[in-house]
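Only one structure is covered here, and it is reproduced in the block below.
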Ligand code: 3SK
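Here it is as C-alpha cells:
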C-alpha cells in the first residue's frame with residue numbers, strides 16, 4: 003500500500019522531532035551543521051529550487067565535491083519531490099553532457115572546481131534551464147540562467163516536504179554498463195529507508211554515537227549510503243571530505259573527528275597499509291567497511307594487524323542501492339563477501355536458469371530486495387535482460403561455502419570493475435579507436451598481484467603507423483575520465499577471433515596472465 007513518505011524528511015526533520023536538533027549531523031571544512039541547521043538549510047535550498055521552477059519528479063543534476071552544499075542539494079531536491087541525480091566529478095565535460103541530456107535535467111549544480119566541466123556540459127543540453135555554481139560567480143551559459151548557491155538558498159524556506167509517496171522517485175544514480183553509455187538506476191524514497199533499516203541498522207548497527215567517514219564519494223551508491231543515509235537515519239554524524247583519498251589525510255580526519263565507521267575499498271586499504279601510519283590514529287574505529295571489489299584476505303589481515311580494526315567486506319550494487327551480502331563483525335570469513343543481509347534474498351542460478359541449492363557449485367548471482375531500483379531510465383532492452391520479477395541478475399559469478407558464506411568468482415560478462423567503479427570496455431575501446439594510429443582495440447581486465455582488475459588495451463596499428471603506449475594512454479586520459487584509462491597498451495599483429503569473427507577476450511586475459 004502506498005503511504006506518504008519523504009526520504010529527505012526522514013533523514014532531517016524526523017531527527018529534529020526525535021530530539022536530535024542540537025546534535026551534529028555534518029562535519030565539514032567550514033565547521034558543522036546540527037540536525038536543526040541541516041533541516042533549515044534543506045528547506046531553504048528546496049525553496050530556491052522551487053523558485054526557479056523545479057517541479058516534483060524533475061531531475062536536478064549535481065556535479066559537486068563532497069561538502070555541505072552537495073549534501074543539502076541532494077536532500078533539498080528530494081524534499082521538494084524532485085529527483086536528485088548526483089553525478090561523478092571524475093567525468094569529462096563530454097561525459098557529463100551525456101548525463102545532462104539523458105536525464106533531461108532542468109537544473110545543473112556544480113562546485114567551482116568543476117565549473118569548466120559543468121559549463122561546457124551545460125552548453126550542450128537543450129532541456130537545461132538553470133546552472134548554479136557554489137562559488138562567488140554566477141555561471142554564464144547561453145540559453146540558461148546562471149545563479150550562485152547564495153542566491154539559490156536565499157529563498158523563504160519551505161514549511162513542509164512535498165507529499166511524496168514511498169513509491170515516488172527520489173534518486174537516480176548513473177552506472178556504466180557493457181553498452182558504454184551510462185544508465186540511470188531509478189530509486190524511490192522507500193529504497194533509502196530500506197537500506198537504512200537493513201544493512202545500516204542490522205549489519206553495521208549504526209547508532210547515534212557513530213561518526214562515519216567514507217572514502218567513496220557521495221555520487222556513488224556506496225558513498226551516499228555511508229555518508230548520508232546511514233548516519234542521518236539514526237542521528238549520528240558524518241564527516242564530509244572533498245579531497246581525493248589520500249591515506250595520510252584520511253587518517254588525520256579519522257583521529258580529528260573520532261571516526262567509528264570507516265568506509266573504503268581495496269584500492270584504498272592497499273595504499274593505507276603501504277603508508278605505515280600511526281596505529282593510534284585509528285583507535286576510535288570500531289569497524290572498517292569495504293565494497294566495490296573483493297577485499298583480498300591479505301588486506302583484511304594486514305589492516306587488522308597494522309591498525310587494529312576489522313574490515314567488513316560486502317557486495318552491493320548501484321541497482322540495489324547498497325550492500326546486500328556482507329561480513330558480520332566478529333564473524334568475518336576473509337576473502338568472502340559474507341552472508342546475505344536481512345531484507346534481501348540471494349540465489350545462484352545455472353545457465354539453464356535452474357537454482358543451485360548446495361555449496362560448492364558456482365553460478366550466476368541473483369538478488370531480490372525492497373531497495374532494488376525500479377529500472378534504468380529509458381532502457382527497455384537492458385531492463386528486460388537484468389530484472390526478472392522480484393529478482394535482479396547481478397552479472398557476478400559466486401559460490402556458496404559449506405559455512406554459508408558467499409564468495410565472488412568474478413564477472414560473467416566483459417565489464418570491468420576498477421577501483422570499485424564500473425568501466426565499460428566498449429567505451430574505452432571507442433576512445434582508442436579515435437586515435438589516428440589505431441586500427442583495432444580491445445580492453446580486458448588483467449588482475450594485479452592482489453587479484454584486482456586493471457584495464458589493459460590490446461591494439462592493432464594502422465598500416466605504417468607507430469604506437470607509443472604512453473602517448474595512447476595520455477590520449478585516453480584526455481578524452482575519458484582518468485580512472486577509465488588503460489594502465490598498459492600492448493601492440494599485437496592481430497586480435498584472437500572465433501571462426502565467426504568474434505573477439506576472444508578470454509585469450510587476451512590468459513595471454514596477459516602468462
Ligand atoms: O560495488 C559495491 O559493492 C557497492 C556497494 C554498495 C553500494 C554500491 C555498490 C556498487
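In this note's numbering, the protein residues as written are 3 to 516. In this text, a Cβ means the ideal position worked out from N, Cα and C, and glycines have one as well. Values in this document were obtained by computation on a predicted structure and should not be read as measured data.
- Task: Can you tell me which of the three DSSP states residue 315 falls into?
- Result: strand
- Item | Collapsed DSSP secondary structure at residue 228 in the structure displayed | helix
- Inspect the beta-carbon positions of residue 99 and residue 123 and report whether they are closer than 7 Å. yes
- Per DSSP, which one or two residues make a beta bridge with residue 490? 458
- Query: Who are the near neighbours of residue 270 in its chain, counting only those whose CB is closer than 6 Å to its CB and skipping five residues on each side?
  - Reply: 217 and 247
- Item | DSSP three-state assignment for residue 327, whether helix, strand or coil | strand
- Would you say residue 321 and residue 394 are within 7 Å of each other, going by their C-beta atoms? yes
- From what residue to what residue does the alpha helix (DSSP H) around residue 37 run? 37-53
- When the distance is taken between beta carbons, is residue 471 closer than 7 Å to residue 418? no
- Task: Indicate the three-state DSSP secondary structure (helix, strand or coil) for residue 511 in the structure shown.
- Result: helix
- Task: Report the option in 257, 494 and 427 whose CA atom is closest to the CA atom of residue 461.
- Result: 494
- Can you tell which of 431, 361, 35 and 392 has the C-alpha that lies nearest to the C-alpha of residue 400? 361
- Query: Heavy atom of the ligand 3SK less than 6 Å from the Cβ of residue 426, yes or no?
  - Reply: no
- Using only alpha-carbon positions, find the residue among 32, 263, 10 and 41 that is nearest to residue 25. 41
- Complete beta strand (DSSP E) runs within the region 209-297 (minimum length 3 residues, chain order): 213-216, 239-241, 263-266 and 289-292
- Status (buried if at least 16 other CB within 10 Å, exposed otherwise) for residue 68: buried
- Task: On a CA-only basis, which of 442, 313 and 284 is nearest residue 297? Give me that one, please.
- Result: 313
- Message: If I measure Cβ to Cβ from residue 142 and keep anything under 6 Å in the same chain, skipping five residues before and after, which residues do I get?
- Response: 148
- Reduced DSSP secondary structure (H/G/I, E/B, other) of residue 92: coil
- Buried versus exposed call for residue 145 [16 or more other C-beta atoms within 10 Å across all chains shown]: exposed
- Task: Tell me, please, whether the region 59-67 touches the region 18-35 by the rule of three or more beta-carbon pairs shorter than 8 Å.
- Result: no
- Message: Quick check: the Cα distance between residue 511 and residue 38, rounded to an integer number of angstroms?
- Response: 54 Å
- residue 309 beta carbon near the ligand 3SK (any heavy atom closer than 6 Å): no
- Are residue 379 and residue 186 touching if we call contact CB-CB under 7 Å? yes
- Task: Taking all protein chains shown into account, decide if residue 245 is buried (16 or more other Cβ within 10 angstroms of its Cβ) or exposed.
- Result: exposed
- Message: Among 175, 30, 508 and 16, whose alpha-carbon lies nearest the alpha-carbon of residue 213?
- Response: 30
- Task: Return yes when at least one heavy atom of the ligand 3SK lies under 6 Å from the C-beta of residue 196, else no.
- Result: no
- Item | Beta-carbon contacts of residue 51 that lie in its chain and below 8 Å, excluding the five residues immediately before and after | 62, 78, 79, 82, 84, 109 and 154
- Can you tell which of 237, 353 and 204 has the C-alpha that lies nearest to the C-alpha of residue 12? 237
- Task: Determine the contact status of residue 268 and residue 295, defining contact as a CB-CB distance below 7 Å.
- Result: yes
- Message: Using a Cβ-Cβ distance cut-off of 7 Å, determine whether residue 191 contacts chain D.
- Response: In the structure shown, chain D does not exist; there is a single protein chain.
- Query: Who are the Cβ neighbours of residue 325 in its own chain at under 7 Å, not counting the five residues just before and after it?
  - Reply: 201, 293, 316, 317, 318 and 343
- Message: Buried or exposed for residue 1, going by 16 or more other Cβ atoms inside 10 Å?
- Response: Not covered by the structure: residue 1. The range shown for the chain is 3 to 516.
- Item | Member of 420, 92, 383 and 178 whose CA lies at the smallest distance from the CA of residue 483 | 92
- Closer than 6 Å: residue 320 CB and nearest the ligand 3SK heavy atom: yes
- Message: Shorter than 6 Å, the distance from the beta carbon of residue 37 to the closest heavy atom of the ligand 3SK, or not?
- Response: no
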